[in-house]
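One structure is given below, encoded as structure tokens.
2 protein chains.
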Amino acid sequence: MSKLKLLLCLLGIIFSVNTYAQNDAEVLKKIYKNALTNGKSYDWLNHLSNQIGGRLSGSLNAEKAVNYTKEELDKLGLDKVWLQPVMVPKWVRGFKEHAFIESEKGKTTTVNICALGGSVATAALGLKANVVEVKNFEELETLGKENIEGKIVFYNRPMQADLIDTFEAYGGCVNQRYKGAIEASKYGAAGVIVRSMNLRLDDFPHTGSMTYGDIPVTDRIPSAAISTNDAELLSTMLKLDKSIKFYFKQSCKQLKDVLSYNVIGQITGSEFPNEYMIVGGHLDSWDLGDGSHDDGAGVVQSMDVLRLLKESGITPKRSIRVVLFMNEENGLRGGKKYAEVAKQKGENHVFALESDAGGFTPRGFSFDCNDASFNQVLSWQPLFKPYLIHYFEKGHSGADVGPLKTETNVLAGLRPDSQRYFDHHHASNDTFDAVNKRELELGAATMTALVYLFDKYGVNPIINEKQIKK
Amino acid sequence: MSKLKLLLCLLGIIFSVNTYAQNDAEVLKKIYKNALTNGKSYDWLNHLSNQIGGRLSGSLNAEKAVNYTKEELDKLGLDKVWLQPVMVPKWVRGFKEHAFIESEKGKTTTVNICALGGSVATAALGLKANVVEVKNFEELETLGKENIEGKIVFYNRPMQADLIDTFEAYGGCVNQRYKGAIEASKYGAAGVIVRSMNLRLDDFPHTGSMTYGDIPVTDRIPSAAISTNDAELLSTMLKLDKSIKFYFKQSCKQLKDVLSYNVIGQITGSEFPNEYMIVGGHLDSWDLGDGSHDDGAGVVQSMDVLRLLKESGITPKRSIRVVLFMNEENGLRGGKKYAEVAKQKGENHVFALESDAGGFTPRGFSFDCNDASFNQVLSWQPLFKPYLIHYFEKGHSGADVGPLKTETNVLAGLRPDSQRYFDHHHASNDTFDAVNKRELELGAATMTALVYLFDKYGVNPIINEKQIKK
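Note that the protein sequences, when read in sequence, are chains A and B. Residue numbering for the first sequence is 69 to 538, as defined by our numbering. Residue numbering for the second sequence is 69 to 538, as defined by our numbering.
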């Protein structure tokens, strides 16, 4: 932006009508105080994590989580709480995976792996083959069928450590996990091992979804993630001796789709009941840990938004819904179903906020919206400053709310501190003890504050379109 | 600030000469990249925490830490590395403390306590007495000698949970720990139990320094901290029955002062070798944990600042020193000694930066400096934005650098995210596993960036005094 443009923009802000009232600072203070001294999110998360546990779509635990969260929402005195049916995929891990590196006949080193979500099993006795290490799909092409056929492809491109936003580092690697099997299959690979999406060197394998595209069921190759420590080990051993073999055994399988539910609660708007604002996270999780950060945190924070609005004496003008989406991890069926039903009913969703980046200290939000709405948000920044909320950028909102996108509405994602997130993501150490109560509560308060402001001032009010237009 | 003033200020910023160069963004990028991909701080901390451990002043471990950090600084190829002698107090904990609540004769509940640093022991058989709970010193006065004499005073004012900055919450409570014994002694109390300075409810007692002022040694009463869970328990039991007794036994004692050292390393300035800029943390820690956050993190980050400057190809104009202070926790002798020697030698310390708030994700700095220097810092904010460094406020710098304050110099404190800090502070869970490698490294990079900018542009350059004056 040129200096003149910047000046005009600043003048616009300074001499425009204030876009928030003195009283808003008091309301935010009340919200944060309630969240930090009387929050419910941590207790709810304790139950979800420690009494229920991992909540993979279609599992008994997922069903328990649906029932538990519905019961808890029922207690909040909302105007309406209901379950929205949705058919979800059911994938089961089977027995604990087993793997080792065989440097010579009878000389093996056990390594930590886990099947990727959606993968097929190995043969009952497991798969043992030579290994070819690559960093990307281009290397596969260079190597060609003659060097890959019958071997296990080992994808070992690490997350880029010098990226400050760890989600960006994740985005730069995750195609190995998601599409690795499809690409390796083209060259006749027998199986796939992927370096875990983890910036830290440790022993936890991290699962996550993968796809076979339109590969016939009989031709699908088993795929697993290996811990970062063991990826380093395997890579080093391969450098010393290309003839070493890798063995793994897993019994996972895809079953028939089963019935599950999105859990929804609503405070009906006092002035514009047909304008919907939603806040949500996903109720399902992977099965290795208890899904505390991904996305138990988002679930309980979203539930607490409605409680905090009520307890802060706020009567929303618009209808505010909490939506606990089912099956974000391996299908996004809940998010798609919610948008589909909303469209069928002609519900006008003006705003949707998702929390699905962990229960860490909130830094702000990223917004998928037009300039008018984004400028409106920027005008609220001073209100958030006392809470050290400083990150307001355009960008990705969230997977579950994505299908609700229109030209005029606002989609947003809570952006917590991301440094520790991938230490736990999809791994057995995504557990309750890794969540800090205050950090979780600050997230709930920050979400509530944004919902409060958008409800009060509306999305795209005229003032912003006219006065703060770029 | 009025709108007109704000406008003038903004105009000043917009049309002033740029206060940093394009090239600075590249230098910062290099610094952060090196810290995140090639940082040394985490390995150093691993050694300090896991090979040495808690480093209470005067202990063998403190001596080991002096030797280890000097050796490591020697390896960095600095211009000079040396030890600065300083006499430090030596307090020893003795055997593990024991405590219980006795609700009736023979019916006891064990609770978690630890002696406060500097406390005297109880009698060899321990101290058992009735308990009087208070929230502050005013309540002591109201109760008076008749209600306090011979009893144990139980200070139970919790940290205020709705304060966003947990250090502010700490500041609002810590007088109970530091001066609790002096105040309780005035009314003839037999001992003092203080609720741990911890926002979380858990079982860890948190130690920390306390003073007896000029109370004669023979009249000093034993003082201990109790875990927050057990403070809640004790308080509840007291509400049910005021006649319950509290027992504790501790064998701590203050020995004679012993010789120790500040560890100092220097890169001599190429243009202004007699202008000193220092960066530091404190090498001593409490004895319960291994002092990873308090302040192993600050130590290794400060060491890494000099390494990062060198490895980024920066030739400082001014002399940059890393100072690892001894005895911050219970005496501040190192900080005082360093300032005393600097004064004797007439060394002009233009800048001092301390990291002593944990190894968590850095958010920015607080500054103890004049307006000209502060405006200079504010002009650099855009350089820090890619690293999510947003907090630049006037305020406290750090205990160890405090004695260096002059009218014109800049003292600064790194401000990491504070939410988890007091979960670990001075407790047995201040351990290496609570430190995240990336968060630690981001702190080191952020400190290096500030040192780089102040070295390049100097403290209080004319441009800022003239053009961005308020």
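Heads up, the beta-carbon is just placed ideally off N, CA and C, and yes, glycines get one too.
Distance check for residue j and residue i, CA to CA, integer angstroms please.
i, j, result
"A/Asn431", "A/Leu456", "Rather than Asn, the amino acid found at residue 431 of chain A in this sequence is Arg. A/Arg431 and A/Leu456: Cα-Cα distance of roughly 7 Å."
"A/Trp482", "A/Phe428", "In the sequence under discussion, the amino acid at residue 482 of chain A is Leu, which differs from the Trp named in the question. Those two C-alpha atoms are separated by around 10 Å."
"B/Leu116", "B/Lys132", "9 Å"
"B/Ser353", "B/Ala425", "13 Å"
"B/Val154", "A/Ser171", "56 Å"
"A/Tyr280", "A/Ile250", "6 Å"
"B/Phe272", "B/Met265", "10 Å"
"B/Asn224", "B/Ser291", "14 Å"
"B/Gln449", "B/Glu422", "19 Å"
"B/Lys158", "B/Ile332", "22 Å"
"A/Arg375", "A/Val391", "14 Å"
"A/Gly121", "A/Cys241", "28 Å"
"B/Leu151", "B/Pro384", "22 Å"
"A/Ala497", "B/Leu211", "It is Asn, not Ala, that sits at residue 497 of chain A in the sequence shown. About 50 Å."
"A/Gly348", "A/Asp485", "19 Å"
"A/Gly403", "A/Gly466", "10 Å"
"A/Glu206", "A/Ala189", "27 Å"
"B/Met515", "B/Gly366", "10 Å"
"B/Thr476", "B/Pro454", "30 Å"
"A/Tyr344", "A/Phe235", "29 Å"
When the cut-off is 8 Å and only beta carbons count, does residue i lie next to chain A?
i, result
"B/Lys537", "The predicted model places B/Lys537 with a pLDDT of 35, which falls under 50 and marks its position as unreliable, so this point remains unresolved."
"B/Lys203", "no"
"B/Tyr455", "yes"
"B/Leu521", "no"
"B/Tyr88", "no"
Residue i versus chain A: which residues are under 7 Å apart at the beta carbon?
i, result
"B/Lys505", "Arg268"
"B/Ala229", "Leu104 and Thr105"
Check the Cβ of residue i against every Cβ in chain A and list those closer than 8 Å, keeping chain order.
i, result
"B/Gln487", "Thr429, Asn504, Arg506, Glu507 and Leu510"
Chain B partners of residue i, CB-CB under 9 Å?
i, result
"A/Lys405", "Within chain B, no residue comes near A/Lys405; the closest Cβ sits about 35 Å away, beyond 9 Å."
Using 8 Å as the limit for Cβ to Cβ distance, is residue i near chain B?
i, result
"A/Ile232", "yes"
"A/Glu533", "Any reading at A/Glu533 needs caution, since the residue's pLDDT is 41, under 50, leaving its predicted position unreliable; the model's value is listed next. No - not a single Cβ of chain B is within 8 Å of the one on A/Glu533."
"A/His458", "yes"
"A/Tyr100", "yes"
"A/Val368", "no"
Using a threshold of 8 Å, state whether the C-beta atoms of residue i and residue j are closer than that.
i, j, result
"A/Tyr329", "A/Val134", "yes"
"B/Lys219", "B/Val199", "yes"
"B/Tyr315", "B/Phe490", "no"
"B/Val156", "B/Lys321", "no"
"B/Ser125", "B/Gly399", "yes"
"B/Val503", "B/Val373", "no"
"B/Leu377", "B/Ile335", "yes"
"B/Met305", "B/Ile181", "no"
"A/Leu521", "A/Tyr88", "yes"
"A/Ala252", "A/His274", "no"
"B/Arg268", "A/Lys505", "yes"
"B/Ser277", "B/Gly185", "yes"
"B/Asn118", "B/Asp358", "yes"
Across which residues does DSSP place residue i in a beta bridge pair?
i, result
"A/Ser52", "Chain A is shown only over 69 to 538; residue 52 of chain A falls outside these bounds and no answer can be derived."
"A/His350", "A/Phe393"
"A/Asn330", "A/Gln152"
"A/Glu555", "As displayed, chain A neither begins before 69 nor continues past 538, which places residue 555 of chain A out of reach and without an answer."
"B/Cys182", "B/Ala293"
"B/Lys413", "DSSP, once it has assigned bridges, lists no residue as partnering B/Lys413."
"A/Leu323", "A/Lys158"
Any beta-carbon of chain C closer than 8 Å to the one on residue i?
i, result
"A/Gly212", "No chain C appears in this structure, whose protein chains are A and B."
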